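Numbering (my numbering), first residue to last: 4 to 201.
A short worksheet on the structure shown next.
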């Protein structure tokens, strides 16, 4: 069974146009260059240069592949669609949410928390949270949530103890404070309205 040369020519042209139209629905550049190859081969068949159907098919394959490889990166660079980068709101919405600790969570060892029905790896910045404790989500580091205790009383107590120790150490090393501050003009004891002495 022989193919009608005119029908094959119109098949290349019609297929090329269909592929170029398909590019509008499925952007990416590949269908467009396959369509351009089909139209070029159909045109070459119409002027009598590619009469052999097998040669026309191979020409279409190589021409379309060559155009796609050579020109697609250039076309995509200059005719690139509108893109936008934006942060998803999932993490922003989750921050501050209270979750349950499923496995002990610490700063060096990742534990597990239950968040939105699934368990996630979690760690703390400092301190350890036992299983069953409540934690507050701070942020996510890849697939690991960084959490802090909901009740900051323990951390506040540790902080006040540490500050109290520092104040005590400073008091011990500083010695007695001078009682006469009239000569001190740089500190809080200086009163510009007070009469100046010598």
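Every residue, glycine too, gets a C-beta built ideally from N, C-alpha and C.
No experiment lies behind these values; they were computed from the predicted model shown.
* Rounded separation between residue 153 and residue 136 - CA only -> 9 Å
* Asked: Between residue 100 and residue 145, what straight-line distance do the alpha-carbon atoms span, to the nearest angstrom?
  -> 18 Å
* With 16 as the cutoff for other CB atoms within 10 Å, does residue 65 come out buried or exposed? -> exposed
* Asked: For residue 125, which three-state DSSP category applies?
  -> strand
* Asked: By Cβ distance, which residues of its chain are closer than 7 Å to residue 222, with the 5 residues on each side in sequence left out?
  -> Absent from the structure is residue 222, since the part of the chain shown begins at 4 and ends at 201.
* Specify the secondary structure class of residue 76 as computed by DSSP and reduced to three states. => helix
* To do: Could you name the residues of the same chain whose beta carbon sits closer than 8 Å to that of residue 32, not counting the 5 residues immediately before and after it, in chain order?
  => 26, 71, 75, 78, 79
* Residues in its own chain within less than 6 Å of residue 131 by CB, not counting five upstream and five downstream? -> 109
* **residue 15, buried or exposed, once every other Cβ within 10 Å from all chains shown has been counted against 16** => buried
* Asked: For residue 19 versus residue 42, is the C-beta distance shorter than 7 Å?
  -> yes
* Asked: Taking residue 102 as the reference, which of 7, 34, 121, 8 has the closest Cα?
  -> 121
* In terms of residues, what are the limits of the alpha helix (DSSP H) holding residue 48? -> 33 to 49
* **Other residues of its chain near residue 107: CB distance less than 8 Å, five sequence neighbours each side excluded** => 114, 131, 132, 133, 134
* Give me whichever residues DSSP pairs with residue 13 in a beta bridge. => Residue 13 is not bridged to any residue.
* Asked: Quick one, are the C-beta atoms of residue 95 and residue 140 less than 7 Å apart?
  -> no
* Where DSSP assigns a beta bridge to residue 107, which residues make up the other side? -> Answer by DSSP bridge pairing: none, since residue 107 is not bridged.
* **DSSP bridge partner residues for residue 71 (one or two, in chain order)** => The partner list for residue 71 (beta bridge, DSSP) is empty, contrary to what the question assumes.
* Spatial neighbours of residue 13 in its chain, beta-carbon cut-off 8 Å, leaving aside the 5 residues before and after -> 45
* With DSSP as the reference, please indicate the residues paired to residue 152 in a beta bridge. => 138
* To do: Pull up the CB-CB distance for residue 56 and residue 22, whole angstroms please, since I reckon it's below 8 Å.
  => Not quite, the Cβ-Cβ distance comes to about 19 Å (not below 8 Å), so this is no contact.
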